[in-house]
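Asks: In my numbering, the protein residues as written are 2 to 132. Note that beta-carbon positions come from the ideal geometry of N, C-alpha and C, so glycine has one too. I have a structure I would like to understand better, so I am pasting it below and will then ask my questions one at a time.
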Amino acid sequence: MQKKFINPETMPETFGYSHVVEVSNAKRTIYISGQVAINADGHIVGNEDLDTQTRQVFENIKVALEASELNFNDVVKLTFFLTDISQMAIVRDIRDQYINTNNPPASSAVEVNKLINNKLLIEIEAIAVAN
Numbered sequence: 002m003q004k005k006f007i008n009p010e011t012m013p014e015t016f017g018y019s020h021v022v023e024v025s026n027a028k029r030t031i032y033i034s035g036q037v038a039i040n041a042d043g044h045i046v047g048n049e050d051l052d053t054q055t056r057q058v059f060e061n062i063k064v065a066l067e068a069s070e071l072n073f074n075d076v077v078k079l080t081f082f083l084t085d086i087s088q089m090a091i092v093r094d095i096r097d098q099y100i101n102t103n104n105p106p107a108s109s110a111v112e113v114n115k116l117i118n119n120k121l122l123i124e125i126e127a128i129a130v131a132n
């Protein structure tokens with residue numbers, strides 16, 4: 002399997018993501034459902050605290066990746082849903098502690114009115130590939 006991270010010079014500068022991730026010869030594609038700040042006991046973590054919630058979400062994604070014997074180096078796409086997109090810098094700082102910042106995944110960020118529970122501030126989906 003090969004992954005090629007592409008940022009054409011004729012496209013805008015990126016901030017911690019790749020415009021294009023080309024994957025060839027992957028044997029498996031793993032789609033991780035939107036993860037929210039709910040721990041293994043089913044409790045919301047970080048009530049109204051985006052930093053704490055984002056860390057919990059990335060830990061949930063980490064567990065999901067490990068269940069398929071993968072890690073964040075295998076992630077090719079992240080989709081962020083935030084109730085306040087102006088707080089994206091907080092999310093980026095935490096994201097960068099998990100992803101390969103030299104070859105970051107393609108990403109999208111969307112502001113939403115609310116998530117499944119009013120106390121939740123962020124949800125993240127992930128796509129990973131593996132041999």
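Under the assumption that Gln-54 contacts Val-64 (Cβ atoms under 8 Å), give the Cβ distance between them as a whole number of angstroms.
Replies: Actually they are not in contact, since the Cβ atoms of Gln-54 and Val-64 sit about 16 Å apart, beyond 8 Å.
Asks: Can you find the residues in the same chain that come closer than 6 Å, C-beta to C-beta, to Phe-59, ignoring five residues on each side of it along the sequence?
Replies: Within the same chain, Phe-59 has close Cβ partners Tyr-99.
Asks: Measure the CB-CB distance between Ile-125 and Phe-81 and report whether it falls below 8 Å.
Replies: Contact: yes.
Asks: For Tyr-32, I'd like the list of residues in its chain whose CB is within less than 7 Å of its CB, leaving aside the five on either flank, ordered along the chain.
Replies: Excluding positions up to five away in sequence, the list reads Ile-128.
Asks: For Ser-25, name the three-state secondary structure that DSSP assigns.
Replies: Ser-25: strand per DSSP, three-state reduction.
Asks: Any chance you could list the alpha helix (DSSP H) runs of at least 4 consecutive residues sitting entirely within the segment 50–96, in chain order?
Replies: Here the runs fully enclosed are 51–68, 89–96.
Asks: With DSSP as the reference, label Ala-38 as helix, strand or coil.
Replies: Ala-38: coil per DSSP, three-state reduction.
Asks: Could you check if Lys-133 is buried or exposed, using at least 16 other CB atoms within 10 Å of its CB as the buried criterion?
Replies: This structure cannot settle anything about residue 133, because the visible part of the chain is limited to 2 through 132.
Asks: In angstroms, rounded to a whole number, what distance separates the CA positions of Glu-23 and Val-76?
Replies: Going by the C-alpha atoms only, they are around 12 Å apart.
Asks: Quick one: is Pro-106 buried, meaning 16 or more other Cβ sit within 10 Å of its Cβ, or exposed?
Replies: With 16 or more other Cβ atoms within 10 Å, it is buried.
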